[in-house]
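Below: the structure, in structure tokens.
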Amino acid sequence: MNNLLRLIGRRLAVLPIMVLGVAILVFFLMSFSKIDPAYSALGEGASDTALEEYRQLMGLNDPWIVQFWHFLVNFFHGDLGTYGPNQASVATRVGEAFPITMQLTFLGLIIAVIIAVIFGVLAALYRDRWPDKVIRVFSIAFIATPSFWLAVLMILLFSVNMNILPAAGPLPPFTEDPGGWLARMALPAIALGLPVAGSLTRVIRTSMVEELDRDYVRTAIGAGIPKSVVVSRNVLRNALISPITVLGLRIGYLMGGAVVIEVIFDLHGMGQAILEGVQQNYPTLVQGVTLIVALAFIIINIVVDMLYVLINPRIREV
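So in the UniProt record's numbering, spot 298 of the sequence shown is number 298, and the numbers just go up one at a time.
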């Protein structure tokens, strides 16, 4: 238990350093933008005097290190700045968009994991037979299929031609209308999750095959224990340890893909916020959204890393 707590403590101790690194990187990259925040806030028709007063008020004329310090202090106070002529709060915009992106990401993740576990296990159990070959063909096809291209095909098939599921419109809250929420999120989540399901299926199949070839499996089956019991209680549990580490990286892919999928399906998440910031020349909005997405990716990977430590007894002894 002490080793386990020490390992978890190490990962949590790294979190502030990674947060600071991401903040520096995002702020530094955005400082290269040629867009003047004063023009974005006041408009191109603003006078030179008004623009200069705005720069002085917002500290835009300060040295880079001073601007970064103010940005960092404001960030830890929950202030990501303002954008647009109306000086709208970036934190408020992110607070509205971030839950939608996370809902889409985790629904896509659930779909990917369910498909990958079912077909990865089946492929391993029927190794080198026709179910395995068919599953491998489809997994490669899903890996090679871009999620945005799959999204367009699904819109044409299920929304335009068959009119089964909506591809646009408002997203009802899950607590008020679970059926409507699921119908609205189904197509984007499937389009997002299938490519990940293809790669995870291959990882789970490989891990299952390696585990099925171990001596303890042959010994248990030879001792009269049903194969289904050995697979469900021992093989599957041990085989899923390695794919969990891969899952952390796939979550990052899902979050990045969700940003694109949201634009295609008109979901007002982080993707739409970034698109709005780019199109309307709001660098502070792009900066805030990028920072929060990056931090979410870091935190999720640390959680997955700790989960890997919890389920793998061998790591606890390190």
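Where a beta carbon is used, it is the ideal one built from N, C-alpha and C, also for glycine.
By the Cβ criterion, the stretch 296-305 is not in contact with the stretch 131-145, since fewer than three pairs of Cβ atoms, one from each stretch, lie closer than 8 Å.
Annotation for V259: the continuous alpha helix (DSSP H) segment containing it runs I241 to I264.
Annotation: A167 is outside any alpha helix (DSSP H) and is labelled neither H nor E by DSSP. Sixteen is the threshold: when 16 or more other Cβ atoms of the shown chains lie within 10 Å of the Cβ of L200, as they do, the residue is buried. In the three-state DSSP reduction, Y83 falls in the strand class (E or B). For the pair A189 and I100, the CB atoms are not nearer than the 9 Å cut-off. Taking a cut-off of 8 Å for Cβ pairs, the stretch 221-230 and the stretch 73-84 do not touch, as fewer than three such pairs fall below it. Remark: C-beta atoms of L254 and V263 do not approach each other more closely than 9 Å. By the beta-carbon neighbour count (other beta carbons within 10 angstroms, threshold 16), L153 is exposed.
Using a 10 angstroms sphere on the CB of D177, the tally of other CB atoms stays under 16, which defines it as exposed. Sequence-distant partners of P195 (beyond 5 residues in either direction) whose C-beta falls short of 7 Å from its own C-beta, in its chain, are F142, I143, T145 and S147.
At the C-beta level, R55 and G288 stay beyond 9 Å of one another.
Here DSSP, grouped into helix, strand and coil, assigns S89 to strand. Annotated as distal: F174 and A167, with beta-carbon spacing of 9 Å or more. The beta carbons of V209 and R129 sit about 13 Å from each other, so the pair does not count as a contact at 8 Å. Between the beta-carbon of V246 and that of V203 there is about 5 Å, and that keeps the pair under the 8 Å contact cut. Taking the Cβ atoms as the reference, L104 lies roughly 6 Å from M185, within the contact range of under 8 Å.
The closest CA to that of V121, considering only A91, L165 and S207, is found on S207. Here G120 carries a helix assignment [DSSP, helix/strand/coil]. In the three-state DSSP reduction, F75 falls in the helix class (H, G or I). Judged by their CB atoms, V117 and L307 are not nearer to each other than the 9 Å cut-off. In the assembly as shown, E96 is an exposed residue. Its beta-carbon has fewer than 16 other beta-carbons within 10 Å.
For I244 and A258, the gap between their C-alpha atoms comes out near 21 Å.
Within the same chain, Cβ atoms closer than 6 Å to the Cβ of N301 are found at G248, the five residues on either side in sequence being excluded. A residue is called buried once 16 or more other Cβ atoms fall within 10 Å of its Cβ, and A13, having fewer, is exposed.
Under the DSSP assignment, Q279 falls in the alpha helix (DSSP H) whose first and last residues are M270 to Q279.
Take the alpha-carbon of M102 and the one of D266: they are about 15 Å apart. If you look at G179, you'll find it in the alpha helix (DSSP H) that goes P178 to L212. Here L285 has Y83, V90 and G277 as same chain residues with Cβ atoms under 6 Å from its own Cβ, once five neighbours each way along the sequence are excluded. P283 is positioned such that its CB atom lies no closer than 9 Å to that of P63.
By alpha-carbon distance to F106, the top candidate from G256, F27 and I292 is G256. Of the other Cβ atoms in all chains shown, 16 or more fall within 10 Å of the Cβ of F119; this residue is therefore buried. Your pair R205 and A124 checks out as a contact, with CB atoms roughly 5 Å apart and the cut at 8 Å.
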